[in-house]
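Engineer: Residue numbers (the numbering used here): 107 to 859. All C-beta atoms, glycine included, are put in the ideal place defined by N, C-alpha and C. Sharing a structure, written as structure tokens. Questions coming.
Okay, here's the thing in structure tokens:
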């Protein structure tokens, strides 16, 4: 035997022990990475069927543009540089096929409907300028177009109703700088220290007081971060109704509580010392009080959620599958996030759920503030959907989806990560019970729900749009408002219209109203609307007849007509309203889905107002009508710029037609009042500024479908509840003791601006 062999063996053993010790130490210091498990594909029909609702691809949009350029016989200028007197494409979006065609395809084995686009064109270079809408198809190789304007609106749409292009705002900015401001150089330089770059403006709508007007107030602010909170006291009214830009003119000027004929008169009054000057302290470039830069140093990271075995949902093309749910999603350029073919446990419960409009009505003692009524669909809730910040706008590990829109341009615009989809543990039980009577047990289910989200930034406001899918078959639509409050220059009796937010800043009182279209198909296309509620009845106690009992009893009523189903904002509405199917559950009840609204809406605007019919959807907290292809939306993008002769009047949808055993649509309005206050500085929080609705199964199932969720927990006092096979929560120290793979942080929100 080699005498050195024992030493070699000892040395080898020591090396092995050292290596094993290092491995154990490293494993103890860092958990292994989480491994994604193969996704569970639920049988809910062909994935490709959802593509009938899919948004247009960038290539399809480009094909439509090329087709229109070659087949309309008129030159089309790129909208990004078009003058009002030019012809241009305003937008291109999906033309959703007729419901009957889609259902024949989805349910009856019929042919796939042709894929088509809806193109909105502004014809300014014509003897009679107008807005025309064309359906173009079939995609991806268009071969035809048809004018649907008269079919949809009963006639041509007047040109003055066109939504304002970005190029027109840019031209107005040039007009203010080169023409309006040039007429008051002394005032601008000495009072506002104007240097050509330090003023920003915000527009107002509608444009005037009567049909045909295109006269707009522009509010001037210091051009700093959060400029919405830095008014300087100057507002300028510009008449830009002429298609000839050289004919645009200043119609009125407002400064610090006083009105002037034009900028020349303002300059003259200032030079002659006949003007009350209120100089605003120059703000730092970061806005000072309006800056969103954190005022505290970074500390320990906030909690994050992760999926130990990967996502439990799947996203393929435009379809999502999750815990018995399936739906198709899309993004309309004007109305934003929308869902189609929503199914639970394989059965369709809704054909369409979509945002329709977001309205704000402002008050102030300044002209711009007192006349502002924003209808954000006209600006484009989809067009202004913003890229999402990973880890803040949505959970870091959410699934992010890119979208494309074509508006104000000949080229489609890609918005990276503008939709997100994620499962969220809400940190509370969906249901639970702890029993310490008779038997000892605990049973419950974590409230884990799927969320699809987009965020639209329209001017100063950011709207967080959510659709949330719960394991008990309930679906929630919710909007949260954040962003900067709009403001006016504080003067005179300004505090009648809001709160003082800073030295010269009045946070102006305003309302928020949102409208949704909910096309429920409960157990089939044909439904009825049923109201359940409670009333007290007086009864003698059978065991003691001399005693009286006030007992609640169930009241039931079928609402037969549209008039009965139109509930005004301030009217009393039955607490249980549901779409009833023509089938019953095991217990003999009509299967249904209940509509439950969460709202603090007050009056939208007096009905005597000349523009009220343009927003008449806001009269109703809920209105249920017969579904009609010719009534696809509750409003129009053209209502904003001509609310006095609205293109679509929702109130006309309600004409007392019978709604028993018909294809029905629920139009839901939710809203709240916002009186900006000091805690809205630097900007408004989402807490308390959230409204929406719930769709809840009501006798639709024989029992709560969430009892079949794999997340359920149940154990008794006699079981070993520390064992994985008894209690899945006991497995978490093992199954969730991994580290998620966080991708590097990226953000594309500042590209291609």
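Let me confirm a value: residue 55 is counted as buried when at least 16 other C-beta atoms fall within 10 Å, else exposed. Which label applies?
Structural biologist: The chain is shown from 107 up to 859; residue 55 falls before or after that span and cannot be answered.
Engineer: Thinking C-alpha only, which one of 788, 481 and 318 is nearest residue 608?
Structural biologist: Locating residue 608 in the chain shown gives position 502, where the first residue counts as 1. When each option's Cα is compared against that of residue 608, the closest is 788.
Engineer: Determine the direct distance from the alpha carbon of residue 367 to that of residue 357, and round the result to whole angstroms.
Structural biologist: For this step, residue 357 is matched to residue 251 along the chain shown. For this step, residue 367 is matched to residue 261 along the chain shown. Each residue's Cα considered, the two are about 7 Å apart.
Engineer: So the beta strand (DSSP E) residue 533 belongs to, where does it begin and stop?
Structural biologist: The residue labelled residue 533 in the question sits at position 427 within the chain shown. Residues 519–543.
Engineer: Does the Cβ-Cβ distance between residue 613 and residue 336 come in under 8 Å?
Structural biologist: Taking the chain shown and counting its residues from 1, the one referred to as residue 613 is at position 507. Taking the chain shown and counting its residues from 1, the one referred to as residue 336 is at position 230. Against a cut-off of 8 Å, the Cβ pair of residue 336 and residue 613 comes out as no contact.
Engineer: Kindly list the residues whose CB is nearer than 7 Å to the CB of residue 221, restricted to its own chain and excluding five residues on each side of it in sequence; keep chain order.
Structural biologist: For this step, residue 221 is matched to residue 115 along the chain shown. Closer than 7 Å at Cβ, skipping near neighbours: 243, 244 and 245.
Engineer: So residue 599 packs on residue 733, CB below 8 Å; how close in whole Å?
Structural biologist: The residue labelled residue 599 in the question sits at position 493 within the chain shown. The residue labelled residue 733 in the question sits at position 627 within the chain shown. Actually they do not touch by this definition, with Cβ atoms about 48 Å apart.
Engineer: From this set, 674, 818 and 201, which residue's C-alpha is nearest residue 760's C-alpha?
Structural biologist: By 1-based counting over the chain shown, the position of residue 760 is 654. Closest option to residue 760, Cα to Cα, is 674.
Engineer: Starting from residue 552, follow its DSSP beta bridges and name the residues at the other end.
Structural biologist: Within the chain shown, residue 552 is the residue found at index 446, counting from 1. In the DSSP output, where bridge partners are listed per residue, residue 552 has 535.
Engineer: Can you tell which of 434, 475, 474 and 466 has its C-alpha closest to the C-alpha of residue 457?
Structural biologist: Locating residue 457 in the chain shown gives position 351, where the first residue counts as 1. Of 434, 475, 474 and 466, the residue nearest in Cα terms is 434.
Engineer: I'd like to confirm the pairing. Which residues does DSSP put opposite residue 461 in its beta bridges?
Structural biologist: Along the chain shown, read from residue 1 onward, the residue named residue 461 stands at position 355. Residue 461 is bridged to 622.
Engineer: Give me, in chain order, the residues of the same chain whose beta-carbon lies closer than 7 Å to that of residue 192; leave out the 5 immediate sequence neighbours on both sides.
Structural biologist: For the purposes of this step, residue 192 is taken as residue 86 along the chain shown, with counting starting at 1. Excluding residues within five positions, the ones whose Cβ falls inside 7 Å are 183, 230 and 231.
Engineer: Under DSSP, the alpha helix (DSSP H) around residue 853 begins and ends at which residues?
Structural biologist: The residue labelled residue 853 in the question sits at position 747 within the chain shown. Element bounds for residue 853: n/a, residue is neither H nor E.
Engineer: Would you give the residue range spanned by the beta strand (DSSP E) that residue 398 belongs to?
Structural biologist: As a working mapping, residue 398 is identified with position 292 in the chain shown. Taken as a continuous stretch (DSSP letters only), residue 398 belongs to no beta strand (DSSP E), as it is neither H nor E.
Engineer: Within 10 angstroms of its Cβ, does residue 169 collect 16 or more other Cβ (buried), or is it exposed?
Structural biologist: If you number the chain shown from 1, residue 169 lands on position 63. The residue in question, residue 169, is buried, as its Cβ has 16 or more Cβ neighbours within 10 Å.
Engineer: Using three-state DSSP, classify residue 863 as helix, strand or coil.
Structural biologist: Since the first residue shown for the chain is 107 and the last is 859, residue 863 is missing from the structure and cannot be characterised.
Engineer: Residues in the same chain with beta-carbon distance under 6 Å from residue 482, minus the five sequence neighbours each way, listed in chain order, please.
Structural biologist: Taking the chain shown and counting its residues from 1, the one referred to as residue 482 is at position 376. Closer than 6 Å at the Cβ level, and outside the excluded window around residue 482, lie 464 and 564.
Engineer: Assuming the contact rule is C-beta atoms closer than 8 Å, residue 445 and residue 573 should be a hit. Round their C-beta distance to whole Å, please.
Structural biologist: Taking the chain shown and counting its residues from 1, the one referred to as residue 445 is at position 339. Taking the chain shown and counting its residues from 1, the one referred to as residue 573 is at position 467. Indeed they touch by this definition, with Cβ atoms about 6 Å apart.
Engineer: Kindly list the residues whose CB is nearer than 8 Å to the CB of residue 391, restricted to its own chain and excluding five residues on each side of it in sequence; keep chain order.
Structural biologist: As a working mapping, residue 391 is identified with position 285 in the chain shown. Cβ within range, chain order: 330 and 331.
Engineer: Where does residue 577 fall in DSSP's three states?
Structural biologist: Sequence index remark: in the chain shown, residue 577 carries index 471 (1-based). In the three-state reduction of the DSSP assignment, residue 577 falls in the coil class, being assigned neither a helical nor a strand state.
Engineer: Among 466, 369, 740 and 159, which residue has its Cα nearest to the Cα of residue 209?
Structural biologist: In the chain shown, counting from the first residue as 1, residue 209 sits at position 103. It is 159.
Engineer: Less than 8 Å separating the beta-carbons of residue 545 and residue 486?
Structural biologist: For the purposes of this step, residue 545 is taken as the residue at position 439 of the chain shown. For the purposes of this step, residue 486 is taken as the residue at position 380 of the chain shown. Going by beta carbons, residue 545 and residue 486 fall outside the 8 Å limit.
Engineer: Would the beta-carbon of residue 595 fall within 8 Å of that of residue 304?
Structural biologist: What you label residue 595 is simply residue 489 of the chain shown in a count that begins at 1. What you label residue 304 is simply residue 198 of the chain shown in a count that begins at 1. The beta carbons of residue 595 and residue 304 sit no closer together than 8 Å.
Engineer: Can you look up residue 614 in the DSSP assignment and give me helix, strand or coil?
Structural biologist: Mapped onto the chain shown, residue 614 falls at position 508. Note: residue 614 maps to strand in three-state DSSP.
Engineer: Less than 8 Å between the CB atoms is what I'm expecting for residue 747 and residue 267, so what's the real figure, rounded?
Structural biologist: As a first step, residue 747 is located in the chain shown; it is residue number 641 there, counting from the start. As a first step, residue 267 is located in the chain shown; it is residue number 161 there, counting from the start. About 5 Å separates the two Cβ atoms, so the contact holds.
Engineer: Which parts of the segment 349–436 are runs of the alpha helix (DSSP H), unbroken and 4 residues or longer, counting only runs that do not cross its ends?
Structural biologist: 369–377
Engineer: Helix, strand or coil, according to DSSP, for residue 474 in the structure here?
Structural biologist: Sequence index remark: in the chain shown, residue 474 carries index 368 (1-based). Helix.
Engineer: Closest by CA to residue 804, which one among 593, 532, 387 and 694?
Structural biologist: Here residue 804 corresponds to residue number 698 of the chain shown, with the count starting at 1. The candidate whose alpha carbon is nearest that of residue 804 is 694.
Engineer: Alpha carbons only, please: which of 253, 707 and 219 is nearest the one belonging to residue 177?
Structural biologist: Residue 177 sits at position 71 when you count from the first residue of the chain shown. Measuring from the Cα of residue 177, the nearest candidate turns out to be 253.
Engineer: Taking the straight line between their C-alpha atoms, what separation do you get for residue 618 and residue 828?
Structural biologist: Position 512 of the chain shown, counting from 1, holds the residue named residue 618. Position 722 of the chain shown, counting from 1, holds the residue named residue 828. If you take the alpha carbons of residue 618 and residue 828, they lie about 50 Å apart.
Engineer: Under 8 Å, with one C-beta from each stretch per pair, do the segment 398–418 and the segment 794–814 reach the 3-pair mark?
Structural biologist: The segment 398–418 vs the segment 794–814: no contact.
Engineer: Just to confirm my understanding: we take residue 659, look at its own chain, exclude 5 residues before and 5 after, and list those with CB closer than 8 Å. What are they?
Structural biologist: Working through the chain shown from its first residue, we reach residue 659 at position 553. Cβ within range, chain order: 640, 641, 642 and 643.
Engineer: Residues in its own chain within less than 8 Å of residue 451 by CB, not counting five upstream and five downstream?
Structural biologist: Here residue 451 refers to the residue found at position 345 when the chain shown is read from its first residue. Taken in chain order, the residues that qualify are 430, 579 and 811.
Engineer: For the beta strand (DSSP E) that residue 165 lies in, which residues bound it at each end?
Structural biologist: On the chain shown, position 59 is the one that residue 165 refers to. Per DSSP, residue 165 belongs to no beta strand (DSSP E); it is in the alpha helix (DSSP H), 164–177.
Engineer: Between which two residues does the beta strand (DSSP E) holding residue 225 run?
Structural biologist: Residue mapping note: residue 225 aligns to position 119 of the chain shown, counting from 1. 222–229 is the extent of the beta strand (DSSP E) around residue 225.
Engineer: For a minimum of 3 consecutive residues, which ranges assigned as the beta strand (DSSP E) are wholly contained in the segment 783–848?
Structural biologist: 796–804 and 818–822
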